Amino acid sequence: MLHKIIGWITKHKIYTLVIVGVLVFGGRFAYQSLKSDKVAVSYVLSTVSKGTLITSISGSGQISVINQVDIKAKAGGEVTGVYVKQGQEVKSGTILALVDAGDAQRSVRDAQTSLETAKLELDKILAPTDELTLLQAENSLAQTKESKQKAEDSLKKAYEDGFNTISNAFLALPGVITGLQDLLFSSTLSYSQANLDFYAGAVKSYDDKVLQYRDDAYNTYQTARAAYDKNFQDFKSVTRFSDSNTIENTITQTYNTTRLIAEAVKSANNLAQFYRDKLTEHNIEPNSISATHLSSLNSYTSITNSHLSSLLSIKQTIADSQASIISTARTIQEKELSLAKTKSGAETLDIRAKKIAIQQKEDALAAARQTLADHYVRAPFDGVIAKVNIKKGESLSSGGAVVTLITKQHTAEVSLNEVDAAKIKVGQKVNVTFDAIDGLKISGEVAEIDALGTVSQGVVTYNVKIVLDTQDDRIKLGMSVSATITTAVKQDVVIVPSSAVKTQNGNSYVEMFDQPIQNPSSQGVTSDIPPRQQVVQIGISNDTETEIISGLKEGDQIIIRTVTASAAKPATTQAPSLFGTGGGGNRTFNAGGAGR
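This is how it looks when you write it as structure tokens:
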């Protein structure tokens, strides 16, 4: 096959040259075409600024009659009286119905009693001090002073007893520490080694744990011996007439020394007992001297425990006496002040406190009376009863509709979806415009929000009633209106165009260059260095602007739009995201509202 091709080329040289030329030219043309399709990216920039950001929600509806509303009960319970009927004209303040007020009336009576009690207490402290009260205060002070003196005497005796306890300890501790030294370091068990080494060597082959017992016995003895030597030296300089701090410190020092000696005795006992136990396990008779050692150690244990108990007891006695002196001293001060107060009569602050208590009781009474008043359902304005919703004897919950009342004043009623309705509050400012009246804009505020929504084709809506601040004769019932409800106003906050904010995986960010672009064109700029992504925390936003809580500051330069174009066709593209592929600058706003 290859020979045939070579042969054909040899016979048809001209055709071959033409074919090669076409291939070369076509390749060059394709290369130039691909090269010309290189993508160009430009960035539209904006400077971060501060300003006022307003968010609002829009809705549409109609003009209705103001206060054509359900008058609702502020208290729940059994309806005990209905005093109006349909079509009846009523004045503002007229009682429409009564909800069982028994508990509320009792609360009023209790509040009245509490107020009267507070007034009597004020009268009592303003009255002159009687002789019996004065005598009781004087006797109480005298008794407390006697208690303090007893505590001081007790402390003095405790220091005496403490010195005696130290002395008794040092009558016994020298024998214990010396006996312990002989037991561990003399060579009564073997002429060639100390007793503690004999114990260890005798059973090491059976259980090398004995080496740990030997080391413990050695170390605890050395620690106890050092503490004993210092303690004994310090004790020599202490007398019965030393100051209380010196005696107390020596008691504590002796207690700690005795604890260390007791621990050393225990370690020696562990070593000797381990020696005997291991030999017995192997049917070997222990050296009889070891039994004598254990007997001596048991005696030392009894001695140290006895002195530990005595030293601890005297330490606690001293601490208790000191605490008692401090406590009684405080009590004496309190009783002295109390006696002086009793003699001088009520102080200004006490009188003021009682008066404040009276004011609080008066406030409580006022609150109870208000609660009682809430059981009386009254007309909030003049009008006509359009409907009576309850009957006597029925149960009514708080917030339940009692009657429907109408007047001639106008209001706008608009419908909002459940998302927008959740952001609306009574008292928010509103601007209302009219489809039929060009140029008429009337301000108002939210007066009422339906507690229950209306469901239609799976969509929940809530009616909102808006009170108009002014009345205009051109306004007719049923006229279509558009209402813009201001939900939030923030001043002097960092604001960026909403198009600059992108979201990915719940994180918000903007794009910016590390170095600001000087004199950027409004049509966009190009850069060889790709922008970085700056994570931000956003606040409120509307259709055009977004609040930045953190991540940017005034004067920062950000990208608000990225435009990509090629020789083939222009296109808008998304720069790579630090949060992953995809995402971007699309923002979604709920229907029915301007800013969210």
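Take the sequence shown: its position 525, counting from 1, is numbered 525 in UniProt numbering, and each next residue is one higher.
Ideal Cβ placement from N, Cα and C applies to all residues, glycine included.
Bear in mind that the values here come from a model prediction, so they are computed numbers and not experimental data.
Nearest-angstrom Cβ-Cβ length linking residue i and residue j, presumed shorter than 8 Å
i, j, result
"Ser-267", "Ala-217", "4 Å"
"Gly-59", "Val-464", "7 Å"
"Ser-296", "Gly-179", "6 Å"
"Ala-447", "Ile-466", "6 Å"
"Ile-314", "Ala-158", "6 Å"
"Lys-91", "Ala-379", "7 Å"
"Lys-354", "Ile-549", "With 8 Å as the limit, Lys-354 and Ile-549 do not qualify as a contact, their Cβ atoms being about 50 Å apart."
"Thr-481", "Gln-62", "Here the sequence assigns Val to residue 481, which means Thr is not the residue at that position. The Cβ separation is near 7 Å, so the contact holds."
"His-307", "Ala-202", "With 8 Å as the limit, His-307 and Ala-202 do not qualify as a contact, their Cβ atoms being about 33 Å apart."
"Thr-292", "Val-265", "Contact flag wrong, Cβ pair sits at about 15 Å."
"Asn-519", "Ile-54", "The Cβ separation is near 32 Å, so there is no contact."
"Thr-411", "Leu-468", "7 Å"
"Glu-413", "Val-48", "Between Val-48 and Glu-413 the Cβ distance is about 41 Å, and since that is not below 8 Å, they are no contact."
"Lys-361", "Leu-115", "4 Å"
CA-to-CA distance, residue j to residue i, given in whole angstroms
i, j, result
"His-282", "Phe-274", "13 Å"
"Ile-71", "Gly-458", "29 Å"
"Met-479", "Ile-540", "33 Å"
"Lys-441", "Val-563", "41 Å"
"Ala-137", "Ile-356", "27 Å"
"Asp-450", "Ala-401", "12 Å"
"Ser-290", "Thr-257", "26 Å"
"Asp-350", "Glu-146", "30 Å"
"Gly-453", "Glu-78", "27 Å"
"Tyr-83", "Leu-96", "5 Å"
"Asn-389", "Gln-86", "10 Å"
"Ala-200", "Tyr-228", "26 Å"
"Asn-431", "Ser-443", "5 Å"
"Asp-473", "Ile-437", "11 Å"
"Arg-106", "Leu-120", "21 Å"
"Val-455", "Ile-529", "54 Å"
"Leu-141", "Lys-343", "13 Å"
"Gln-181", "Leu-189", "14 Å"
"Thr-52", "Ser-46", "17 Å"
Residue span of the alpha helix (DSSP H) that contains residue i, given as start and end
i, result
"Ile-406", "Not the alpha helix (DSSP H): Ile-406 falls in the beta strand (DSSP E), residues 401-406."
"Arg-474", "Looking at the DSSP string, Arg-474 is not in any alpha helix (DSSP H), and its letter there is neither H nor E."
"Asn-231", "209-236"
"Gln-504", "Not the alpha helix (DSSP H): Gln-504 falls in the beta strand (DSSP E), residues 502-504."
"Ser-154", "131-185"
"Arg-276", "244-281"
"Glu-547", "Per DSSP, Glu-547 belongs to no alpha helix (DSSP H); it is in the beta strand (DSSP E), 545-550."
"Lys-315", "288-344"
"Leu-440", "Element bounds for Leu-440: n/a, residue is neither H nor E."
"Thr-371", "348-374"
"Ala-386", "No alpha helix (DSSP H) contains Ala-386, which is instead part of the beta strand (DSSP E) from 383-388."
"Glu-511", "Note, Glu-511: premise wrong, no alpha helix (DSSP H); beta strand (DSSP E) at 507-512."
Cut-off 7 Å between Cβ atoms - residues of its own chain near residue i, not counting five sequence neighbours on either side
i, result
"Gly-148", "Per the sequence presented here, residue 148 reads as Lys, with Gly not at that position. Around Lys-148: Ile-325, Thr-328, Ala-329, Ile-332."
"Leu-155", "Ile-318, Ser-321, Gln-322, Ile-325"
"Lys-35", "Unreliable placement is indicated for Lys-35, whose pLDDT of 47 sits below 50; no coordinate value is reported for it."
"Phe-232", "Phe-170"
"Gly-551", "Gln-534, Val-535, Val-536, Gln-537"
"Ala-101", "Leu-372, His-375"
"Tyr-206", "Lys-278, His-282"
"Gly-524", "Ser-42, Tyr-43, Val-44, Val-563"
"residue 597", "Nothing can be reported for residue 597, as the shown portion of the chain is limited to 1 through 596."
"Lys-150", "none"
6 Å Cβ shell around residue i - same chain, five flanking residues per side excluded
i, result
"Ser-310", "Thr-165"
"Ala-111", "Ala-364, Leu-365, Ala-368"
"Asp-374", "Lys-74, Ala-75"
"Leu-196", "Leu-184, Arg-214, Ala-217"
"Asn-305", "none"
"Ser-33", "Residue confidence is low: Ser-33 scores 49 on pLDDT, short of 50, so the model does not pin down where it sits. No coordinate-derived value is stated."
"Asn-270", "Tyr-213"
"Leu-122", "Lys-354"
Run of the beta strand (DSSP E) containing residue i, from where it starts to where it stops
i, result
"residue 621", "Outside the displayed range of the chain (1 to 596) lies residue 621, so it cannot be described from this structure."
"Asp-70", "69-72"
"Phe-198", "Premise fails: Phe-198 lies in the alpha helix (DSSP H), 195-203, not in any beta strand (DSSP E)."
Sequence-distant residues of its chain with Cβ nearer than 8 Å to residue i (five each side left out)
i, result
"Thr-113", "none"
"Lys-209", "Phe-274"
"Ser-186", "Ala-194, Asn-195"
"residue 603", "The chain is shown from 1 up to 596; residue 603 falls before or after that span and cannot be answered."
Quiz item: Does the segment 361-369 come within contact of the segment 395-402, defined as at least 3 CB pairs closer than 8 Å?
Solution: no
Practice problem: Decide yes or no for the touch test of the segment 220-238 against the segment 133-151: beta carbon pairs closer than 8 Å, at least 3 of them. | Solution: no
Quiz item: Can at least three beta-carbon pairs, one atom from the segment 550-559 and one from the segment 503-514, be found at a separation below 8 Å?
Solution: These segments touch.
Quiz prompt | Cβ contact check for the segment 530-549 and the segment 496-503: 3 or more pairs under 8 Å | solution = Contact holds between the segment 530-549 and the segment 496-503, because three or more Cβ pairs, one in each stretch, are under 8 Å apart.
Exercise. Answer yes if the segment 333-347 comes into contact with the segment 160-176, meaning at least three C-beta pairs across the two stretches below 8 Å, and no otherwise.
Key: Output reads no: the segment 333-347 does not touch the segment 160-176.
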